[in-house]
Structure formats: C-alpha cells, structure tokens
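Input: a single structure, listed below in structure tokens.
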Amino acid sequence: MSQINHFSNHRLINWFKLSSPSTFYPVAGKLIPFFWVLTFLFGAVGLWVSFFVAPVDAVQGQGYRIIFIHVPASWMSMFIYLVMAAWAGLGLVFNTRLSAMMAQALAPIGAWMAFLSLWTGAFWGKPMWGTWWVWDARLTSELILLFLYLGFIALRASIDDPRRADKASAILALVGVVNVPIIYFSVKWWNTLHQGASVSLTKSPAMAQTMLWGMLLMALCFWMYTIAVTLMRVRAIILEREAHADWVRQSIEVKS
Amino acid sequence: MWNSPSEFFAMGGYALYVWSSFGICALVLILEPLFVRARFRAVIRRLKQQQLAEQFDKEISK
Numbered sequence: 001m002s003q004i005n006h007f008s009n010h011r012l013i014n015w016f017k018l019s020s021p022s023t024f025y026p027v028a029g030k031l032i033p034f035f036w037v038l039t040f041l042f043g044a045v046g047l048w049v050s051f052f053v054a055p056v057d058a059v060q061g062q063g064y065r066i067i068f069i070h071v072p073a074s075w076m077s078m079f080i081y082l083v084m085a086a087w088a089g090l091g092l093v094f095n096t097r098l099s100a101m102m103a104q105a106l107a108p109i110g111a112w113m114a115f116l117s118l119w120t121g122a123f124w125g126k127p128m129w130g131t132w133w134v135w136d137a138r139l140t141s142e143l144i145l146l147f148l149y150l151g152f153i154a155l156r157a158s159i160d161d162p163r164r165a166d167k168a169s170a171i172l173a174l175v176g177v178v179n180v181p182i183i184y185f186s187v188k189w190w191n192t193l194h195q196g197a198s199v200s201l202t203k204s205p206a207m208a209q210t211m212l213w214g215m216l217l218m219a220l221c222f223w224m225y226t227i228a229v230t231l232m233r234v235r236a237i238i239l240e241r242e243a244h245a246d247w248v249r250q251s252i253e254v255k256s
Numbered sequence: 001m002w003n004s005p006s007e008f009f010a011m012g013g014y015a016l017y018v019w020s021s022f023g024i025c026a027l028v029l030i031l032e033p034l035f036v037r038a039r040f041r042a043v044i045r046r047l048k049q050q051q052l053a054e055q056f057d058k059e060i061s062k
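In order, the protein sequences belong to chains A and B. Position one of the first sequence corresponds to residue 1 (this note's numbering), numbered consecutively onward. Position one of the second sequence corresponds to residue 1 (this note's numbering), numbered consecutively onward.
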C-alpha cells in the first residue's frame, strides 16, 4: 500500500489537478509558445517539400499541389470535431467546466478547417473536374460538418446561461458525430466524383513518397497550429467565464 | 524542378487555383490567432477596469 502511495505521489503531472481552470490556465500559457515553434518548424519544412521536393504529378501537373493544404485541412476538420465532441461529452458526464470550455474553444478553429477544406476543394475541383461544386456525397457531408460547427457556435451564443449552453451544445455535438464516419467512408459507400483515400492504414499509399511526406508534414503543422490557437482561445474563455473567481482577480495579468 | 521564379509563380498554368487556395489558407490561419489575441486582450482590459472601479468604490466609501 505504501508503495502505491509512494508511486502516485511522485508522478510528474497530476492530471486531475489540471481539470480545474485555475491550474490549467497558467499551464496552457506556458505551452502556447512551444506549439507555435512546432507549427513554424513543420510548416517551413512542409511547404519546402510541397513546392520544391515533391515531383510534378503525371496527370494533374502542378495543380495537384493544392493537396498539401486540402488534405490536412480536411483531416483536421474531422479530427477536431471528434475531439470537440469528446470534450463536450466528458463535460456532460462529469460536469466539469474546463471540458465544456475546451469544446467551446475548439469549435471556431474546426469551422475554419472545414471552410478551408471546402474552399481548397473548390479551387481544385474547377481545373480537374470542370466544376467548383457538385452535390456529391463527400462534398455534401463536409458541408454538413461546417454547418454542424456553425450550429454548435450559434446554439451556444443563443443561450445566456453558460452551464445550460454547455449541456445543450454538448448534445448537438454528440449527435453530429455520426456525420464524421459518413464523410470518411463516403467515397467508399457511394459512387462519387471525389477520389478515394490518398492514404490508408491498411495498404501502402498510392502516391510518391515525397508527396506523402509533404502531406504528413503539413498535417502536423496544422495539428500543432490547432493546439496553439485552441490553447490561446481557451485561456480567453476561462478568463471570461471565471471573471469573478478570486484566482483570476489575483493573477498577474489582470492585476494592474 | 523550377527553372525561374516566374515559372514557379505560373504553377504550370494552375496559378489561379494553387495561389487562391494557399492564399486564403494563409490569410485565415494568420488572422485567426490575431483575433483570438484581440479577444484575450479585451478580457484582460475589462477585468482591469473592473478592479479599478472596485478600488475607487472602496476609497470613496471610506
């Protein structure tokens, strides 16, 4: 027994402590610069590979280079939604304030990623398919994802009591999760204009190694960017919602 | 791969599509953290003003 206590007391980070806004706030502040450095690092190398290392595509010429932002933005739009719904669900089950704040902080960046995915997709579709937009399964389900993000944000904004807004928006987020597998598998389930998955877990990717590396580096850049921006936003949200707490009044940034 | 800068910017005839995609992407990703920072600073400013107002209240009622 004493051994177990000994072990638990000497753990590097106590994760449960971090679930309180007052302890998370300074930790998030310290982490932000670290994620910005990673964003720029991956971004610089990723862009260099995308434009100067990856060879020209046999079919699509130089136009295919849109893939280096289109795929990472699409991946992130789906991934952020899952993370957002998970935080919202945790907040619903455990009634923790910080989880709901995390979900609230993730929604805008997720919406932007969905928008970028659709925008870059349109500018890729025009030269390759001859159209900016088709009501195809992949495109339509991604558009619904954007509307789910916007609905989440709008629902929150329409409820004055933040704790009630947490609960209502969490339910919306959880119901919307069903859309994510629909987007992901849409190219398999329906006959669509959109091409199949470029990268799959089960078989080797159907693209040049350097193209794959460029895409993965850009995806890492977007990932780190998302974490950095989300931590920045969650700090603002914490201050807004905990404005009357003593720790906020005594924090260095607020004290004049 | 690219023999001249102009060839690079021409993107093999896909300049409009490639640069509109990358341009809007860069614009959004740069503006987003600036807006978040502005929001953060606005909260800090408001909280500071609140504290100042409370201090005045205390001093007046003394």
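Glycine included, each C-beta is placed from N, C-alpha and C at the ideal position.
For Gln250 of chain A, the closest Cβ of chain B is not nearer than 8 Å. A Cβ-Cβ separation of about 17 Å leaves Ala73 of chain A out of contact with Thr140 of chain A under the 8 Å criterion.
By DSSP's assignment, Gly61 of chain A forms a beta bridge with A:Asp57. Put simply, of B:Ile60, B:Arg37, B:Phe56 the residue whose alpha carbon is nearest the alpha carbon of Arg233 of chain A is B:Arg37. At least one C-beta of chain B is nearer than 8 Å to the C-beta of Trp119 of chain A.
Residues of chain A with a Cβ closer than 8 Å to the Cβ of Ser21 of chain B are, in chain order, Ile66, Ile69, His70, Trp119, Thr120, Phe123, Trp124. When only Cα atoms are considered, Ile109 of chain A and Leu31 of chain B end up about 12 Å apart.
Rounded to whole angstroms, the gap between the alpha carbons of Val187 of chain A and Val43 of chain B is 44 Å.
In the three-state DSSP reduction, Met224 of chain A falls in the helix class (H, G or I). Around Pro162 of chain A, the same chain offers Arg241 as residues with beta carbons nearer than 7 Å, after the five sequence neighbours per side are excluded.
As the crow flies, the alpha-carbon of Leu148 of chain A is around 12 Å from that of Ala170 of chain A. Relative to the Cα of Ile237 of chain A, the nearest Cα in the group B:Gln50, B:Glu7, B:Glu54, B:Phe40 belongs to B:Phe40. With respect to Leu118 of chain A, Leu155 of chain A sits apart: the two C-beta atoms are not nearer than 8 Å. For Pro127 of chain A, the closest C-alpha among the options B:Gly12, B:Gln51, B:Lys58 is that of B:Gly12. The segment 54 to 74 of chain A and the segment 1 to 20 of chain B touch, with three or more beta-carbon pairs separated by less than 8 Å.
By the criterion of a C-beta distance shorter than 6 Å, Trp223 of chain A is surrounded by no residue of its chain, once the five residues flanking it on both sides are discounted. Taking the Cα positions, Ile80 of chain A is about 23 Å away from Trp189 of chain A. Per DSSP, the continuous alpha helix (DSSP H) segment holding Glu142 of chain A begins and ends at 137 to 158. Under a 10 Å Cβ-count criterion, Pro21 of chain A is classified as buried, with 16 or more other Cβ atoms of the shown protein chains found around its own Cβ. Between Phe68 of chain A and Leu98 of chain A, the alpha-carbon positions lie close to 34 Å from each other. The three-state reading of DSSP puts Lys62 of chain B in coil, since its state is none of H, G, I, E or B.
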